[in-house]
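With this note's numbering applied, the sequence shown covers 4 to 511. All residues carry an ideal CB built from backbone N, CA and C; glycine is no exception. Read the structure below first, then the notes.
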Amino acid sequence: MTVHLVNPSHLSFGVGVITPRWLFVLAGATPERFGTPNIADETLEALDLETIKAGDVVGIGIHTGNALRGYEIGVDARKRGATVVFGGIHATLYPEEARELGGAHAVVRGDGDVMWPAVLDDAGQGRLQATYEGGRLEADQFVAARWDLLPQGRYMWGSVQTVRGCPKHCSFCSVWRTDGQKPRQRGADVVAAEIFELRRRGFRFVALADDNFYPVTLADLAMAERQRNTARLEQLRALRAERFELMERLAELPSDMVFFTQITMEAAEDPAFLAAMKKANIKGALVGVEAVTPEGLKDVYKGFNDSGEDLVQRLQTFREHGVHVPGSFIFGLPSDRAATFDATADVAERAGLTFAQFVMLTPYPGTVDFEAWEKKAGDSVQRVSGIPVTRHWLIPQAQRPKVYSPHPVMTPDEIRARTQAVWDRFYSLRRIWVRSRCTPNLRARLAFVLISKLYRQMYANTGIATDTARVNRANRWARLIAKPCIRLFTARPLTVAQASRRPSPAAV
Ligand code: B12
Ligand code: SF4
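Here it is as structure tokens:
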């Protein structure tokens with residue numbers, strides 16, 4: 004019996020930007036007695052169904068965007084006599100769907116690290132259950148990824164998770180509901196050991212695939228102090244201390260490492276934290292800016308963000324501490340008006356953002372926004388090929404409309420056209436060239452231009468482009484640019500001795 008782990012995608016680029024971590028974590032969780040799992044990442048190339056034989060187990064991980072492709076694979080694998088198991092955020096939210104449409108024999112909800120070996124045992128002994136509740140594991144139960152199974156020279160960035168969960172509760176985000184609001188932080192040693200291994204394999208760039216790298220803010224500590232809540236204060240201090248310990252460990256890794264993470268902008272108020280990030284070589288952090296007005300922030304329950312000039316200041320503070328900020332903005336919030344688009348582009352430029360993404364408010368399953376939208380749509384919901392748009396991910400890719408939250412005064416087309424114009428403005432060659440001044444030399448400036456264009460082109464697939472010709476053109480461009488980009492990211496593999504500034508106990 005061979006174990007297959009498949010990351011579905013209807014588009015393959017030949018090379019990938021970031022390693023899909025779940026593939027390598029579940030490979031790590033696969034007991035030796037089941038042999039080495041066969042990993043298939045369709046963002047690189049389509050799965051070869053011939054590799055799947057009767058009696059094999061096929062694990063398929065899905066998020067909403069790739070669920071339909073996952074279901075195709077599940078049905079095909081089941082026809083070939085394999086046992087099909089689904090997991091991932093979308094299967095967690097819609098286990099029945101994976102059974103009805105994806106040929107699932109079993110679905111694992113929540114974290115797979117501990118449950119996967121039990122599922123394989125049950126599959127081997129013919130006593131598979133329909134649903135397994137993986138739950139939310141404590142961080143010390145997270146399994147390390149098997150980086151030895153990485154295909155050579157195919158990914159630009161490795162990915163290592165340091166914390167799971169986020170204490171906030173933004174209306175458009177499912178993370179706090181699925182991963183929970185309690186931060187589950189992995190120990191510094193195990194994280195450092197994984198990164199150490201990635202560097203030995205030639206990865207200098209590592210995404211810290213976290214929901215929120217700054218789960219305890221200074222405001223949280225002040226609040227606990229004000230409330231004289233000693234237990235809470237101790238707990239928060241311990242979490243904060245663990246973050247600093249982790250950053251200390253990252254700082255001991257080879258100095259050519261470049262880390263990137265996701266963070267709330269409150270970190271800009273915390274000079275000690277920013278200084279530690281700089282020392283740890285965390286050179287970039289995606290900040291969910293979302294909106295530039297107080298009304299917009301209220302729309303998405305993100306009142307902890309700043310707006311206006313304070314916002315510009317906060318974002319600049321990251322840069323002053325050597326942390327580049329790709330900012331993420333949402334258009335189509337109920338309070339947005341035509342003037343919001345230019346105002347947002349202005350803030351993105353004045354704040355010195357290195358990259359930016361401008362997404363349209365989309366109701367993702369598992370979010371507060373989705374529930375409100377689904378309830379409002381009711382039985383009179385619009386259908387495409389008989390499928391309600393509240394299940395838009397089931398509509399075949401070619402007919403699938405881009406689904407956006409309804410807006411009180413603007414049509415989706417107006418929001419889309421204005422959003423597109425902001426992308427075009429932010430990523431005009433002239434503006435990219437000006438931004439590329441943040442790099443040290445001409446070669447790096449050219450690389451910056453290439454990467455900015457790649458980011459822009461790849462985004463057309465998951466982002467706002469609706470017309471197929473434009474998407475196809477963007478794909479061709481992305482394929483072309485991706486190949487040279489990968490050379491910019493990889494480095495010479497190192498031996499243990501070369502990679503060690505202070506080798507971690509787990510790595511030697
Ligand atoms: C890092 C990350 C990214 C990175 C890297 C993606 C990559 N190549 O891996 C980048 C920045 C590129 C990215 C992009 C996007 N992302 Co993202 N991303 C994440 C993040 C923060 C962590 C993912 C991760 O690596 N986790 C670590 C692994 C180990 O955990 P895991 O994937 O959950 O897997 C565990 C379980 O789910 C389960 N499991 C998973 N698969 C399987 C399969 C089987 C068989 C079994 C048994 C178990 C199992 O076991 C695993 C181990 O416990 C998650 C948030 C989150 N908490 O999941 C969002 C998240 C997955 N992303 C999300 C979104 C929306 C996107 C984008 C669409 C954003 C956009 N607008 O462009 C794009 C889509 C890109 C694409 N086409 O795939 C949403 C998905 C929501 C949904 N309902 O689908 C999430 C949940 C964040 C959110 N705000 O809600 N993302
Ligand atoms: S958007 Fe970011 S800050 Fe808000 S809940 Fe999700 S992960 Fe947390």
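(1) Nearest-angstrom Cα distance between residue 219 and residue 242?
(2) Below 8 Å on the Cβ atoms is my contact criterion, and I expect residue 256 with residue 204 to pass it. Report the Cβ-Cβ distance as a whole number of Å.
(3) Flag this pair as touching only if the segment 80 to 99 and the segment 33 to 42 have three or more C-beta atom pairs under 8 Å; answer yes or no.
(4) For residue 171, which three-state DSSP category applies?
(5) Hey, would you say the C-beta of residue 368 is under 6 Å away from at least one heavy atom of the ligand B12?
(6) Is DSSP giving residue 363 helix, strand or coil here?
(7) Residue 184: beta carbon under 6 Å from a heavy atom of the ligand B12?
(8) Buried or exposed, going by whether 16 or more other CB atoms sit within 10 Å of the CB of residue 258?
(9) So, with DSSP's three-state summary, where would you put residue 190?
(10) By how many angstroms is the C-alpha of residue 71 removed from the C-alpha of residue 425?
(11) If you check the beta carbons only, do residue 290 and residue 333 fall under 7 Å apart?
(12) In or out: residue 492 buried (at least 16 other Cβ within 10 Å) or exposed?
(13) Alpha carbon to alpha carbon, how far is residue 22 from residue 231?
(14) Where do the N-terminal and C-terminal ends of the alpha helix (DSSP H) with residue 119 fall, by residue?
(15) Could you check the C-alpha separation between residue 360 and residue 331 for me, to the nearest Å?
(16) Once the 5 residues before and after residue 309 are set aside, which same chain residues still bring their CB inside 6 Å of it?
(17) Check whether the segment 155 to 171 and the segment 208 to 217 are in contact - that is, three or more C-beta pairs closer than 8 Å.
(18) Looking only at its chain, what residues have a beta carbon closer than 6 Å to the beta carbon of residue 52, apart from the 5 residues adjacent to it on each side?
(19) Between residue 423 and the ligand B12, is the CB less than 6 Å from at least one heavy atom?
(20) Pull up the DSSP beta-bridge partners for residue 220, would you.
(21) Examine the ligand B12 and report whether any of its heavy atoms sits within less than 6 Å of the Cβ of residue 139.
(22) Can you pull the DSSP bridge partners for residue 44?
(23) Check whether the Cβ of residue 171 lies closer than 6 Å to any heavy atom of the ligand SF4, and answer yes or no.
(24) Residues in its own chain within less than 8 Å of residue 2 by CB, not counting five upstream and five downstream?
(25) Is it buried or exposed, residue 459, if we count other Cβ atoms within 10 angstroms and call 16 or more buried?
(26) Going by DSSP, which residues form a beta bridge with residue 162?
(27) So, is residue 188 buried or exposed, given that buried needs 16 or more other C-beta atoms within 10 angstroms?
(28) Might you give, ordered along the chain, the residues of its own chain that have their beta carbon closer than 8 Å to the beta carbon of residue 404, omitting 5 neighbours on each side?
(29) Identify, in the order they occur along the chain, each residue of the same chain with its Cβ nearer than 8 Å to the Cβ of residue 315, setting aside the five sequence neighbours on each side.
(30) For a test of the three-state rule: what should DSSP assign to residue 281, helix, strand or coil?
(31) Using a threshold of 6 Å, is the CB atom of residue 292 nearer than that to any non-hydrogen atom of the ligand SF4?
(32) Do residue 227 and residue 526 come within 7 Å of each other at the CB atom, strictly closer than that value?
(33) Would you say residue 77 and residue 149 are within 7 Å of each other, going by their C-beta atoms?
(34) Of all the alpha helix (DSSP H) runs that stay within the bounds of the segment 58 to 133, which reach a length of 4 or more residues?
(35) At the level of alpha carbons, what is the spacing between residue 54 and residue 313?
(36) Work out the CA separation of residue 345 and residue 107 for me, nearest whole Å.
Straight from the coordinates:
(1) The alpha-carbon atoms of residue 219 and residue 242 are separated by roughly 7 Å.
(2) Going by Cβ atoms, the distance from residue 256 to residue 204 rounds to 14 Å, so no, they are not a contact pair.
(3) In short, these stretches do not touch, since the Cβ pair count stays below three.
(4) Looking at residue 171 - three-state DSSP - the assignment turns out to be coil, as it is neither helix nor strand.
(5) Judged by the Cβ position, residue 368 qualifies as a neighbour of the ligand B12 at the 6 Å threshold, a heavy atom of the ligand being closer than this.
(6) The answer is strand: DSSP assigns residue 363 an E or B state.
(7) No - the ligand B12 has no heavy atom lying nearer than 6 Å to the Cβ of residue 184.
(8) For residue 258, the number of other beta carbons within 10 angstroms of its own is below 16, and it is reported as exposed.
(9) In the structure shown, residue 190 sits in coil (DSSP, three-state: anything other than H, G, I, E or B).
(10) Spanning the two alpha carbons is a distance of roughly 30 Å.
(11) For the pair residue 290 and residue 333, the CB atoms are not nearer than the 7 Å cut-off.
(12) With 16 or more Cβ atoms within 10 Å of its Cβ, residue 492 is classed as buried.
(13) Using only the alpha carbons, I get a separation of about 44 Å.
(14) Element bounds for residue 119: 118 to 127.
(15) For residue 360 and residue 331, the distance between alpha carbons rounds to 5 Å.
(16) If we look at residue 309 and ignore the five residues flanking it on each side, its Cβ neighbours are 317.
(17) Yes, since at least three Cβ pairs between the segment 155 to 171 and the segment 208 to 217 fall closer than 8 Å, the two stretches touch.
(18) Non-local beta-carbon contacts of residue 52 in its own chain, meaning distances under 6 Å to residues more than five positions away in sequence, involve 79 in chain order.
(19) For the ligand B12, not one heavy atom lies less than 6 Å from the Cβ of residue 423.
(20) The partner list for residue 220 (beta bridge, DSSP) is empty, contrary to what the question assumes.
(21) Outside the cutoff, so no.
(22) DSSP output for residue 44 lists 10 as bridge partner(s).
(23) Flag set: Cβ of residue 171 near the ligand SF4.
(24) The requested residue 2 does not occur in the structure, where the chain is confined to residues 4 to 511.
(25) Taking all protein chains in view, the Cβ of residue 459 is crowded by 16 or more other Cβ atoms within 10 Å, so the residue is classified as buried.
(26) Answer is 210.
(27) Burial call: buried.
(28) Answer for residue 404: 387, 392, 395, 398 and 469, listed in chain order.
(29) Short of 8 Å from the beta carbon of residue 315, and not among the five residues preceding or following it, lie these beta carbons of its own chain, in chain order: 350, 353 and 354.
(30) Three-state DSSP puts residue 281 in a helix.
(31) Placement of the Cβ of residue 292 at a distance of 6 Å or more from every heavy atom of the ligand SF4 is found.
(32) What the structure shows of the chain is the stretch from 4 to 511, and residue 526 is not part of that stretch, so it cannot be assessed.
(33) The answer is no: Cβ separation not under 7 Å.
(34) The alpha helix (DSSP H) runs of length 4 or more contained entirely in the segment 58 to 133 are, from start to end of the chain, 70 to 82, 92 to 96, 98 to 105 and 118 to 127.
(35) Cα to Cα, residue 54 sits roughly 56 Å from residue 313.
(36) Their Cα atoms are separated by approximately 47 Å.
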